[in-house]
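**Student:** One structure, pasted below without further comment.
Residue numbers (this note's numbering): 45 to 631.
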């Protein structure tokens, strides 16, 4: 072997080892970098004229198991969904309050407090302080129902805004991958390493997967192409960005429908609504929470609120305040042509502030076809006037402000539900509610709790002017209010809860238990998905990640090889110098 060939071999070994040392050092320094895969400088021998002339680096590559990476991407999508669901259900659970020895703030506890206040009032129906306690407890409940309802809608609004944020993140990653595709192809064409760029691309597709379920593949040209679960292109030869506009306001009536332009908008790609194609990742979970899970919770709460309002009002409309109100204004919207469909007798009386009879009239409801007919009949009772105001509410007023109005159903009922006339018109309603979001205690009761209707108008067959026809000591109405809360009320199946018959406190406890159950299930799912994703991530890291011990040992060997190659070059150079000196001496 000539000295030139020997020196060529030594130099190539030195250069090859230098590249390998650089790659190995980079591996060690990036051992903790997320998504980094170990790089290998591939070495091959060079042969010239059938004679080995050294070594060369043919390329720097990383070895990533493509199937394992795809499994990790899918697991990352599932974990993104589970993480989001778990977080929101924890927040939903917190909205209902907690029951403990130190803090009884749950809806069920608040209803129990109201039950206790009514029970105390039943023992002394004329007590002003006990009436105040009832109104205070009822107002606390009303506030909690409204706050809980608002909290649910706030969560829906947060979910909607988070969808918009997640869409922006997906678009950012799609554009990043498009840029990396171009860099990878350029580097490959010029013979440069692409491993680090591929790592960045793999990290980006995992970030997209954490937001939404996608499929991807690497084309023959080296491009990564990405599609929705149903095949809508997100990245092929160009980026197809997601488009989404969050709702400006969110209420219980705000909904998403693929066939409707109202409510929540769809997530679109090139004008195509892909909302239904997103079933996993954070966006998939947010859609389900916003459109299914949280509306179901709202429906349960609304049923509790409306049934509670109906039951309380049905009981309160059996009575009247003492002193009685000089004006009764209904809460039910009617017109003069609204059908009455009444039967039996109802008594409407005028009394003084002490409950002594001034005048009265017994009306046979079967004789009046419409509300307008009824209003006319009430106007025929001495000392009373009746009308329908601009809001469609029946107003009954005593001619003298010093007198008040009392109503007794006697045998009367109205409509298919056989409501008492006062209940049908809402003349002595304690609360108003069309849902949990607007559950309120009557403003006049908040201003003066003594106006709570706890007295009953006498139903005696005949009344005499001056007789006391309202008694403050009877517990008939307060007992009815207590029974309305504690008795068995029928609740329809709604929001994942089956049909049941229970007290309101027990139904509230059912709602809370249901939320606790789905929150617990979500937490278990999160733990399981986290374990799966962690296991796959560890497997990929074990297969293609950096083993610091191995790389450190490899670096030590390479440094020794580098030193040996350097010594060999030095020896060859010395031999060249000796040979040159000998030639010069011989000359």
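Glycine included, C-beta positions come from ideal geometry on N, C-alpha and C.
Could you check whether residue 250 and residue 117 sit closer than 7 Å to each other, using their CB atoms as the reference points?
**Tutor:** Sequence index remark: in the chain shown, residue 117 carries index 73 (1-based). Sequence index remark: in the chain shown, residue 250 carries index 206 (1-based). In this structure, residue 250 lies closer than 7 Å to residue 117 by Cβ.
**Student:** Does the beta-carbon of residue 618 have 16 or more other beta-carbons within 10 angstroms, so that it is buried, or is it exposed?
**Tutor:** Position 574 of the chain shown, counting from 1, holds the residue named residue 618. Residue 618 is exposed by the Cβ-count criterion.
**Student:** Along the beta strand (DSSP E) that carries residue 270, what are the first and last residues, could you check?
**Tutor:** Taking the first residue of the chain shown as position 1, residue 270 is located at position 226. 268 to 272 is the extent of the beta strand (DSSP E) around residue 270.
**Student:** I need the DSSP call for residue 392, collapsed to helix, strand or coil.
**Tutor:** Your numbering for residue 392 matches position 348 in the chain shown. Correct three-state label for residue 392: strand.
**Student:** With 16 other CB atoms within 10 Å as the buried threshold, where does residue 308 fall?
**Tutor:** Your numbering for residue 308 matches position 264 in the chain shown. The residue is buried, with at least 16 neighbouring Cβ atoms inside 10 Å.
**Student:** Have a look at residue 596 and residue 243 and give me their C-alpha separation to the nearest angstrom.
**Tutor:** Counting from one through the chain shown, the residue named residue 596 turns up at place 552. Counting from one through the chain shown, the residue named residue 243 turns up at place 199. Those two C-alpha atoms are separated by around 22 Å.
**Student:** Do the stretch 151 to 161 and the stretch 175 to 195 make contact, defined as three or more Cβ pairs closer than 8 Å?
**Tutor:** Because the criterion of three Cβ pairs below 8 Å is met, the stretch 151 to 161 and the stretch 175 to 195 touch.
**Student:** Could you give the C-beta distance for residue 529 and residue 547, rounded to a whole number, given that I count them as a contact under 8 Å?
**Tutor:** As a position in the chain shown, residue 529 is number 485, starting the count at 1. As a position in the chain shown, residue 547 is number 503, starting the count at 1. That belief holds up - the Cβ atoms of residue 529 and residue 547 are roughly 7 Å apart, short of 8 Å.
**Student:** Counting C-beta neighbours from all protein chains within 10 Å, is the total for residue 178 16 or more, i.e. buried, or is it exposed?
**Tutor:** As a working note, residue 178 is residue 134 in the chain shown. It is buried - the Cβ of residue 178 has at least 16 other Cβ atoms within 10 Å.
**Student:** Are there 16 or more other CB atoms within 10 angstroms of the CB of residue 424, so buried, or fewer, so exposed?
**Tutor:** Taking the first residue of the chain shown as position 1, residue 424 is located at position 380. Label assigned to residue 424: exposed.
**Student:** Hey, does residue 299 have any beta-carbon neighbour from chain C nearer than 7 Å?
**Tutor:** The chain labelled as chain C is not found in the depicted structure, where only one protein chain is given.
**Student:** Could you tell me which residues DSSP puts in a beta bridge with residue 535?
**Tutor:** One-based indexing of the chain shown puts residue 535 at position 491. Partner(s): 544.
**Student:** Would you please state the rounded distance, in angstroms, between the beta carbons of residue 127 and residue 570? I believe it to be under 8 Å.
**Tutor:** As a position in the chain shown, residue 127 is number 83, starting the count at 1. As a position in the chain shown, residue 570 is number 526, starting the count at 1. Yes, they are in contact, since the Cβ atoms of residue 127 and residue 570 sit about 6 Å apart, within 8 Å.
**Student:** In whole angstroms, what separates the C-alpha of residue 331 from that of residue 322?
**Tutor:** Counting from 1 along the chain shown, the entry for residue 331 is found at position 287. Counting from 1 along the chain shown, the entry for residue 322 is found at position 278. One C-alpha to the other measures close to 8 Å.
**Student:** Mind checking residue 623: buried by the 16 CB within 10 Å criterion, or exposed?
**Tutor:** Within the chain shown, numbered from 1, the residue matching residue 623 stands at position 579. With fewer than 16 other Cβ atoms within 10 Å, it is exposed.
**Student:** Beta-carbon separation of residue 540 and residue 340 under 7 Å?
**Tutor:** Your numbering for residue 540 matches position 496 in the chain shown. Your numbering for residue 340 matches position 296 in the chain shown. Yes, they are a contact pair.
**Student:** Under 8 Å: do the stretch 340 to 354 and the stretch 310 to 318 share three or more Cβ pairs, one atom per stretch?
**Tutor:** Too few Cβ pairs lie closer than 8 Å, so no.
**Student:** Check whether the stretch 193 to 207 and the stretch 157 to 173 are in contact - that is, three or more C-beta pairs closer than 8 Å.
**Tutor:** No, they do not touch.
**Student:** From this set, 234, 441, 450 and 158, which residue's C-alpha is nearest residue 392's C-alpha?
**Tutor:** As a working note, residue 392 is residue 348 in the chain shown. Closest by alpha carbon: 450.
**Student:** For the alpha helix (DSSP H) holding residue 419, just list the boundary residues, first then last.
**Tutor:** Residue numbering aside, residue 419 sits at position 375 when the chain shown is read from its first letter. 415 to 423 is the span of the alpha helix (DSSP H), which, as asked, contains residue 419.
**Student:** Whole angstroms are fine: how far does the CA of residue 69 sit from the CA of residue 603?
**Tutor:** Within the chain shown, the letter at position 559 stands for residue 603. Within the chain shown, the letter at position 25 stands for residue 69. Cα to Cα, residue 603 sits roughly 11 Å from residue 69.
**Student:** Please report the residue range of the alpha helix (DSSP H) in which residue 132 lies.
**Tutor:** Looking up residue 132 in the chain shown gives position 88. Residues 110 to 139.
**Student:** Suppose contacts are defined by Cβ-Cβ distances below 7 Å. Is residue 169 in contact with residue 364 by that definition?
**Tutor:** Here residue 169 refers to the residue found at position 125 of the chain shown. Here residue 364 refers to the residue found at position 320 of the chain shown. Not a contact, by the Cβ cut-off of 7 Å.
**Student:** Determine the extent of the alpha helix (DSSP H) in which residue 320 is found, giving its start and end residues.
**Tutor:** As a first step, residue 320 must be located in the chain shown, where it is residue number 276. Taken as a continuous stretch (DSSP letters only), residue 320 belongs to no alpha helix (DSSP H), as it is neither H nor E.
**Student:** Look at residue 448 and residue 500 and say whether their C-beta atoms are less than 7 Å apart.
**Tutor:** Reading the chain shown from its first residue, position 404 is the one you call residue 448. Reading the chain shown from its first residue, position 456 is the one you call residue 500. No, they are not a contact pair.
**Student:** Mark residue 234 as exposed unless 16 or more other C-beta atoms lie within 10 angstroms of its C-beta, in which case mark it buried.
**Tutor:** If you number the chain shown from 1, residue 234 lands on position 190. When all chains shown are included, residue 234 counts as exposed.
**Student:** Measuring CB to CB, does residue 158 end up less than 7 Å from residue 182?
**Tutor:** By 1-based counting over the chain shown, the position of residue 158 is 114. By 1-based counting over the chain shown, the position of residue 182 is 138. Yes, Cβ-Cβ distance for residue 158 and residue 182 is below 7 Å.
**Student:** By the DSSP assignment, the alpha helix (DSSP H) with residue 308 in it spans what residues?
**Tutor:** Taking the chain shown and counting its residues from 1, the one referred to as residue 308 is at position 264. Neither: residue 308 is in no alpha helix (DSSP H) and is coded neither H nor E.
**Student:** Whole angstroms is fine: what's the gap from residue 407's alpha carbon to residue 532's?
**Tutor:** As a first step, residue 407 is located in the chain shown; it is residue number 363 there, counting from the start. As a first step, residue 532 is located in the chain shown; it is residue number 488 there, counting from the start. Looking at the two C-alpha atoms, the distance is approximately 32 Å.
**Student:** Between residue 266 and residue 320, what straight-line distance do the alpha-carbon atoms span, to the nearest angstrom?
**Tutor:** In the chain shown, the residue the question calls residue 266 occupies position 222. In the chain shown, the residue the question calls residue 320 occupies position 276. Each residue's Cα considered, the two are about 30 Å apart.
**Student:** Do you know offhand how far residue 523's Cα is from residue 334's?
**Tutor:** Taking the chain shown and counting its residues from 1, one reaches residue 523 at position 479. Taking the chain shown and counting its residues from 1, one reaches residue 334 at position 290. Each residue's Cα considered, the two are about 41 Å apart.
**Student:** Please report the residue range of the alpha helix (DSSP H) in which residue 191 lies.
**Tutor:** In the chain shown, the residue the question calls residue 191 occupies position 147. Taken as a continuous stretch (DSSP letters only), the alpha helix (DSSP H) holding residue 191 covers 172 to 233.
**Student:** My output table needs one value for residue 80: the three-state DSSP class, helix, strand or coil.
**Tutor:** Here residue 80 refers to the residue found at position 36 of the chain shown. Three-state result, residue 80: coil.
**Student:** Let's test the definition: count the other Cβ atoms within 10 Å of the Cβ of residue 415 and tell me whether it reaches 16, buried, or not, exposed.
**Tutor:** For the purposes of this step, residue 415 is identified with residue 371 of the chain shown, where counting begins at 1. Buried.
**Student:** By the three-class DSSP mapping on this structure, what secondary structure does residue 405 have?
**Tutor:** Position 361 of the chain shown holds residue 405. In the structure shown, residue 405 sits in a strand (DSSP, three-state: E or B).
**Student:** Below 8 Å, how does it come out for the stretch 260 to 277 and the stretch 287 to 298: are there three or more Cβ pairs, yes or no?
**Tutor:** No, the stretch 260 to 277 does not touch the stretch 287 to 298.
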